[in-house]
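Below: the structure, in structure tokens.
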Amino acid sequence: METTRPARRPAAAAVRSATKVYGHATSGVRALDDVTLDLPAARWTAIMGPSGSGKSTLLHCMAGLDTLTSGTALIGDQDLAGLSDEKLAVLRRRRVGFVFQGFNLVPTLTAGENVTLPFLLDGARPDAAWVDQLLGTLGLADRKAHRPNELSGGQQQRVAIARALVTKPDIVFADEPTGNLDSRAGAEVLGILRHAVDRLDQTVAMVTHDPTAAAAADSVVFLADGRVVDEMSDPTAQAVLDRMKELR
Amino acid sequence: MVALTLRSLRARARRLLASGVAVVLGVAFLVGTLVLGDTLSANFTRLFNDVSAGTDVVVRLGASVGSSGAPDQDRGLIDSSLLNTVRSVDGVATAEAQVVGYGSLLGRDGDPLGGNGPPRQAGSWIVDPALNPYELVEGRAPAGPNEVVVNRGAATAGHLALGDATVVQTPAPVPVTIVGIATFGGTDGLGQTTWTAFSLGGAEANVTRQPAKVSTLLVTARPGVDAATLRERIAAALPPDIEAITGERLAQERTDAIAADFLDMLRSFLTAFAGIALLVATLTINNTFSITLAHRTRELALLRIVGASRRQLRRSVTIEAVLLGLVASLVGVVAGLGVAGLLKGLFDTFGGALPAGGLTVRPTAVAVGLGIGTAVTVIAAQLPARRAARVAPVAALRQEATTELRPHGRRSITGAALVVAGLAMAAGGALASALPVAGAGALLLVVGTVAASPAAVRPLAAVLDRARRRSGGVSVHLAVENARRQPRRTASTATALVVGVAVVTLFTVFAASLSRSVEEQVDQGFAADLAVNTAVFGGSRLSPVLVDDLRRLPEVEQAVALGVGRARVDGRPGEVTATDLDAISDVVSIRLRSGSLAEPATNDIAVDAGTADARGWAVGSTVPLGFTDGATVQTRVAAVYDGTRLLGSVLVPAALWAGHTAQVADRTVFVQTRPGVNAATARGAVTPVATRYGGDVQDRAEYAAAATGGLDMLLGIVYVLLALAIVIALLGIANTLSLAVHERRREIGLLRAVGQTQRQVRAVLRCESVIVSLLGTLLGLGLGGFLGWALFTTVSDLPGFTLPLTQLVVITLFGALAGALAARRPARRAARMPMLDAIGAA
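Protein chains in written order, with our numbering: chain D, 53 to 300; chain U, 636 to 1477.
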């Protein structure tokens, strides 16, 4: 395994020479083409790129939802290749958090149950004080017993973030977490993620096409045609927008 | 997009196929039943035609006590001197007398051959080959009184060869030597009947034991004289109490008798179960159509937007149902032929009662299968089609693809009202023994239960959830929530199982109650120490000599025989019990209502209270009894007793019976041992005597077990027949789960992303299936248990209702297990579903 560059923080997750081909090995679509990327711990990395650039594929492969055609994907120092479906599932529930764009919550479970779902699946008991603290921080203390269909879109997304954070995972993967929200609710979600990174030392990787959302991150990785084409530290919405225009 | 459409179409094809399977199974069962019935009927007709093929006219006693199809039990003997009268009639070519009676041939090992349905006959060998359906293949015709010809099937089964000595029980044991072996139309015999043929003189001496008396005269006509004309001429020459019929008519009579006795019963019995299977199939199809149409709400709404009318939508669904029904029914018909072949094979192997021959496929059977299968499918699709057509065009624009089906308040209330009314009616009808009222109540109850069942989902789910909280498994929790999120769907999925389990439970409870009431009666009535008995379905008879031999044993205080036979009681054919009226109370506890059994006169009989009440008889009433020999005796009712299973409903003095019956036989002998003789000693003394005459020695418990043994066998058959209905119901559950998986693929994908393992995905589905099955099983148990009580109370005026707890627990466990099994395939598919597709569908 290659050592991380000393100037940077240790990586919470990484890919090395990651290639993902859909369909035939040589003639198929190359969604990822030899991507090597570290996601530094306690940092928030946004992944951007035009549609079809491979950003969602990268997220899925890094998170163990999909497998690489070749190359290595790591969570901490755990190589995802060769893990059985069962081991991957256990790894996801213990070491990874997820926030998706739309369909995030199990409709039959209450908000509280949705938050503690990774523990429930693990047959473990969550730390009640920590869960309450988390719900309090996210403004969900009085929504614990509600079902998803009784919550607003913003509230639902906050419940999803709470679930992603509750296990204090190595990394939280967020796929367009603000995509379905109005700007106020979107800002709230970004604020919460920022808080998680700054106060809880949480690592976050977020796929987005919204420059405003990307600007909330610590750095932005730009993807085009399955390759990393650029990186930007301390991004602003304008700088991201300009860079994106060039990529299209 | 094209791929997506194709995939959804494929998914739908699979759904349709699955509901088609329900129709296929139901139709296969129905067609199998019909074809089996036709086949058996055709084979029996051919067989009986073969038996009397060469015979133009048959002469026999005019009076009969019934038409049981067993000639020797219905009709007495005629004088053999009539043969001369017949031979002198113009147009008669040949005429020959024949004796036919009961005779159980023992094999080389001393065990009786045949039985269990097909008759065991002994009689006289017909010398004229034109009249004899049997032909000798080895040896010669019998000449001496103890020489016999046996059919090849019996010889093979008993390892008997020419020159072997064995015994025929007629029912008194007769030592015989085998001098010939015969075939029947080239086959081993007349079905599985055993046939032991003496010479005519030998048969008169050893079978009927009435010299110069024969069963029938068989006549052939001279060329050019037709059977009908000859019959008229012969009839004119005979005394008025003797009748002549054509051979053709005799074959027809026998065919009709077997149809009435056996085939019609078998047909309606099997058809009833085919009906249950089809009902369950209907419920399953109805549910599948409801769900698939709910999935297509947006598609249908879109059609409405572009201008399709409600009628058009409804019609398109109906056409789909017709097509599905037709295709499935066609497959079902083909499968039905296989079922018929299989059933026939089973009968051939185990029953052995049926004649050989290929399947008879009549167009009606095929038409009925196709028609009913299609009709059932179309009917099942009507309600869902109506509901689907009601979709508002605007639904196409809504996000939500499926509507959540909550329990319908009004429906639940109506259902509950029907349940209460049905319970009251069924219970009232049962207690008053009014079958129509009880039946109507039962129907209301079933409809009400089905209507109200969604309301039962939430309470059941709540109970399960509470249990879960103690053990704390998230899979169970998810499953419970899934089951209760659409109570109507969960309930209607369970409905098919409710019906299946209810019928299983009904029969289980009914049979157990019947068994217990029989046991209780035996317990109360069995005053003897031992009984020498014959198997209920064995058709064996005991020699009247047996009871005398038993009486002679020093260990025996008293032995009383019971014989059962047919007679005309006050004009109506029925069964009577011949016994020693004076002594019967020594061995059977009889509660007399009135009169006395002591020192009865020759013509005194006793009747049970039920018969006395029904016919308006009391002590002193005169009852004409018609016997097989054609005589009618005016008897007097000497006593009226409380009915008991140990005795029949009419007790006739043994001497009176013997005076009018060709082959006197007993069925049971009750034995009272002398005081001071212990049970083992008594049994040791009685057993060798009983065995000599082919009887089984039983104590009270064994006698009771034998009396209910047939019931257990019947229940076993019923279970096998109901298994199909249960399988259809489980297919329905599996089908619904598959649809649910398809519906929840995003949710399953999300859970997988958050860390649910494949095993956990499967566990959730399995658990959900178990919940549905449990719901169906528990409702079915309740319904069936109550209906079992109602049925038993209606038809039986005796106590003994019992809930067989062990069996009910087994049914419940089986239901839960079957639910887990039904979930196997859908669960596996759900677990293997690509996660990203599922999430990507967002």
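For glycine and all other residues, C-beta sits at the position ideal for the given N, C-alpha and C.
Considering only C-alpha positions, which residue in the set the options is nearest to residue i?
i: G599(U); options: Q1269(U), V1254(U), G1255(U); result: Residue 599(U) lies beyond the stretch modelled for chain U, which goes from 636 to 1477, so this question has no answer here.
i: R1280(U); options: V1092(U), A1249(U), G1160(U), I869(U); result: G1160(U)
i: A1194(U); options: V1138(U), V1304(U), A1244(U); result: V1304(U)
i: Q756(U); options: Q1017(U), W830(U), L885(U); result: W830(U)
i: F225(D); options: K297(D), F274(D), R95(D), T88(D); result: R95(D)
i: R236(D); options: D184(D), G205(D), T255(D), S79(D); result: G205(D)
i: G738(U); options: L1422(U), S1175(U), R1271(U); result: S1175(U)
i: R931(U); options: E770(U), A1027(U), F819(U), V721(U); result: A1027(U)
i: D234(D); options: Q209(D), M258(D), L117(D), D131(D); result: Q209(D)
i: S676(U); options: A817(U), L1181(U), L994(U); result: L994(U)
i: I1007(U); options: R1021(U), L914(U), L1066(U); result: L914(U)
i: T1441(U); options: G1265(U), T1143(U), A1213(U); result: T1143(U)
i: G1057(U); options: P1071(U), A1075(U), L1070(U), L1066(U); result: A1075(U)
i: A1016(U); options: N921(U), A1052(U), V1081(U), A970(U); result: N921(U)
i: A657(U); options: G910(U), P753(U), H1295(U), L766(U); result: G910(U)
i: V700(U); options: Y1276(U), D1264(U), A1059(U); result: D1264(U)
Would you mind stating whether residue i and residue j have Cβ atoms separated by less than 9 Å?
i: T160(D); j: L1346(U); result: no
i: T1412(U); j: F1449(U); result: yes
i: A1241(U); j: A1289(U); result: no
i: V1146(U); j: L1350(U); result: In the sequence on display, residue 1146(U) carries Ala and not Val. Going by C-beta atoms, A1146(U) is nearer than 9 Å to L1350(U).
i: D1164(U); j: A1339(U); result: no
i: R1124(U); j: I926(U); result: yes
i: A1451(U); j: L1409(U); result: yes
i: Q1395(U); j: L173(D); result: yes
i: I713(U); j: S850(U); result: yes
i: C1402(U); j: S1110(U); result: yes
i: V631(U); j: F924(U); result: Given that chain U is displayed from residue 636 to residue 1477, the structure contains no residue 631(U) and the question cannot be resolved.
i: V694(U); j: A856(U); result: no
From the DSSP secondary-structure annotation, give me the bridge partner or partners of residue i.
i: Y1328(U); result: Its beta-bridge partners do not exist; DSSP assigns none.
i: R1207(U); result: V1204(U)
i: R945(U); result: Per DSSP, none; premise fails for R945(U).
i: D714(U); result: K848(U)
i: V1321(U); result: In DSSP, V1321(U) forms no bridge with anything.
i: F1259(U); result: Looking at the sequence shown, residue 1259(U) is not Phe but Pro. Answer is Q1269(U).
i: T124(D); result: R68(D)
i: M284(D); result: V272(D)
i: R1228(U); result: R1228(U) pairs with nothing; no bridge assigned.
Can you say whether residue i is buried or exposed, counting buried as having 16 or more other CB atoms within 10 angstroms of its CB?
i: L1005(U); result: buried
i: N166(D); result: buried
i: I1301(U); result: This sequence places Asp at residue 1301(U); Ile is not what is there. The residue is buried, with at least 16 neighbouring Cβ atoms inside 10 Å.
i: M1470(U); result: buried
i: S964(U); result: buried
i: M1348(U); result: exposed
i: V1353(U); result: buried
i: A1465(U); result: buried
i: A1045(U); result: The residue asked about is misnamed: residue 1045(U) is Arg in this sequence, not Ala. Its Cβ having fewer than 16 others within 10 Å, R1045(U) is exposed.
i: A63(D); result: buried
i: I1048(U); result: exposed
i: L935(U); result: buried
i: N201(D); result: exposed
i: T640(U); result: At T640(U) the pLDDT is 43, less than 50, meaning the model places this residue with poor confidence; the figure from the coordinates comes in the next sentence. Exposed, since its Cβ has fewer than 16 Cβ neighbours within 10 Å.
i: T288(D); result: exposed
i: S1068(U); result: exposed
i: W1292(U); result: buried
Inset, instruction - Would you list, in sequence order, the uninterrupted beta strand (DSSP E) runs of no fewer than 3 residues that lie entirely inside the segment 1118-1203 of chain U? - result: List check, beta strand (DSSP E) in window: 1165-1168.
Legend entry - Length-filtered (4 minimum) alpha helix (DSSP H) runs lying within the segment 147-199 of chain D: Every alpha helix (DSSP H) of 4 residues or more that sits fully in the segment 147-199 of chain D is shown, in chain order, as 163-167, 169-174, 180-189.
Legend entry - Entirely enclosed alpha helix (DSSP H) segments - the segment 1428-1473 of chain U, minimum 4 residues: Unbroken alpha helix (DSSP H) runs of no fewer than 4 residues, entirely contained in the segment 1428-1473 of chain U, are found at 1440-1457, 1459-1467, following chain order.
Inset, instruction - Run through the segment 1365-1398 of chain U for me and flag every whole beta strand (DSSP E) of 3 or more residues, listed as ranges in chain order. - result: Entirely contained in the segment 1365-1398 of chain U, not one beta strand (DSSP E) run reaches 3 residues.
Inset, instruction - Ignoring anything shorter than 4 residues or poking outside the segment 85-140 of chain D, list the alpha helix (DSSP H) runs there in chain order. - result: List check, alpha helix (DSSP H) in window: 107-114.
Inset, instruction - At 4 residues or longer, and completely inside the segment 794-842 of chain U: list those alpha helix (DSSP H) runs for me, N to C. - result: Runs found: 835-841.
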